[in-house]
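Student: Take this structure first; my questions come after.
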Ligand code: FES
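In the numbering used here, the protein residues as written are 622 to 827.
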């Protein structure tokens, strides 16, 4: 990949559509979707040229664009594998076993955190809270979230990806959305609703 970057004609149209969503004078607010668009065009990472190009399009100093690109872990500034495995290791995920998940990734992929497999298929990273703590531990792979992951399910997911399959995302334990782990915890017994006699209007109580 070259450091030079230019949006394709198709993506330039998409970029213009993103910019048009913001009011006059606020076009710089499109910096995040434009970085994402550039990253997708460039195989998952942002060369310096993309930062410069976006800065020019939005009339920003390149350092301002770079500040955004370096703040969010979703933007990558160096080449990555075809699949990016981002394991959340912030406290809720850590308390629920993210150390074992990271270990399973290292074992299945034969690489460490921050590394890419020699075949260029996988990059492993640790990230901060992915915003889905209720189903911790959480692993983001490409554009999908895998939740309630443990060492066994993580290894299974990686093996499926190696075979070129797309494993089912979401909870790996069958939890429904963010329902309590292990099923309902409240209102599990019979609920008796007592009928309430309504007094007739206008009739004073004796
Ligand atoms: S701490 Fe892992 S998703 Fe929030």
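By construction, the Cβ of each residue, glycine as well, lies at the ideal position given by its N, Cα and C atoms.
(1) If you follow the beta strand (DSSP E) that residue 662 is part of, which residue opens it and which one closes it?
(2) Below 8 Å on the Cβ atoms is my guess for residue 697 versus residue 742; work out the distance and round it to an integer in Å.
(3) Enumerate, from N- to C-terminal direction, the unbroken beta strand (DSSP E) stretches of 3 or more residues contained entirely within the stretch 657–743.
(4) Run the Cβ filter for me: residues under 7 Å from any heavy atom of the ligand FES, listed in the order they occur in the chain.
(5) In terms of residues, what are the limits of the alpha helix (DSSP H) holding residue 634?
(6) In chain order, which continuous runs of the beta strand (DSSP E) of length 3 or greater are located wholly inside the stretch 751–797?
(7) Hey, how far is the Cα of residue 787 from the Cα of residue 776?
(8) Suppose contacts are defined by Cβ-Cβ distances below 8 Å. Is residue 671 in contact with residue 663 by that definition?
(9) If we ignore side chains and look at the alpha-carbon of each, how far apart do residue 810 and residue 761 end up?
(10) Counting beta carbon pairs with one atom in the stretch 716–729 and one in the stretch 770–784, are three or more of them shorter than 8 Å?
(11) Rounded to whole angstroms, what's the CA-CA distance from residue 626 to residue 807? Just pull it up for me.
(12) Please name the residue, chosen from 653, 706, 682, 674, that lies closest to residue 692 on a Cα-to-Cα basis.
(13) Starting from the Cα of residue 739, find the closest Cα among 685, 681, 700, 637 and give me that residue.
(14) Taking the straight line between their C-alpha atoms, what separation do you get for residue 682 and residue 630?
(15) What's the gap between the Cα of residue 737 and the Cα of residue 764?
(16) Using the rule of at least 16 other Cβ atoms within 10 Å of the residue's Cβ for burial, across every protein chain shown, is residue 792 buried or exposed?
Tutor: This is what the structure gives:
(1) Position 41 of the chain shown, counted from the first residue, corresponds to residue 662. No beta strand (DSSP E) contains residue 662, which is instead part of the alpha helix (DSSP H) from 652–662.
(2) If you number the chain shown from 1, residue 697 lands on position 76. If you number the chain shown from 1, residue 742 lands on position 121. Wrong, their Cβ atoms sit about 15 Å apart, outside the cutoff.
(3) You should have 704–709.
(4) Taking each Cβ in turn, the ones that pass are 709, 711, 712, 713, 714, 750, 751, 752, 753, 754, 757, 758, 759.
(5) What you label residue 634 is simply residue 13 of the chain shown in a count that begins at 1. For residue 634, the enclosing alpha helix (DSSP H) stretches over residues 630–640.
(6) 760–762, 765–768
(7) Here residue 787 refers to the residue found at position 166 of the chain shown. Here residue 776 refers to the residue found at position 155 of the chain shown. Roughly 14 Å separates the two Cα atoms.
(8) The sequence position of residue 671 within the chain shown is 50, counting from 1. The sequence position of residue 663 within the chain shown is 42, counting from 1. Yes, these two residues count as a Cβ contact at 8 Å.
(9) As a working mapping, residue 810 is identified with position 189 in the chain shown. As a working mapping, residue 761 is identified with position 140 in the chain shown. Going by the C-alpha atoms only, they are around 37 Å apart.
(10) yes
(11) Position 5 of the chain shown, counted from the start, is the residue given in the question as residue 626. Position 186 of the chain shown, counted from the start, is the residue given in the question as residue 807. Near 55 Å, if we compare the C-alpha coordinates of residue 807 and residue 626.
(12) In the chain shown, the residue the question calls residue 692 occupies position 71. The residue with the shortest Cα to Cα distance from residue 692 is 653.
(13) Residue numbering aside, residue 739 sits at position 118 when the chain shown is read from its first letter. Scanning 685, 681, 700, 637 for the CA closest to the CA of residue 739 turns up 700.
(14) For the purposes of this step, residue 682 is taken as residue 61 along the chain shown, with counting starting at 1. For the purposes of this step, residue 630 is taken as residue 9 along the chain shown, with counting starting at 1. Distance between the alpha carbons of residue 682 and residue 630 is about 24 Å.
(15) Numbered from 1 along the chain shown, position 116 holds the residue referred to as residue 737. Numbered from 1 along the chain shown, position 143 holds the residue referred to as residue 764. Distance between the alpha carbons of residue 737 and residue 764: 18 Å.
(16) Start at 1 with the first residue of the chain shown, and residue 792 comes out as number 171. Taking all protein chains in view, the Cβ of residue 792 is crowded by 16 or more other Cβ atoms within 10 Å, so the residue is classified as buried.
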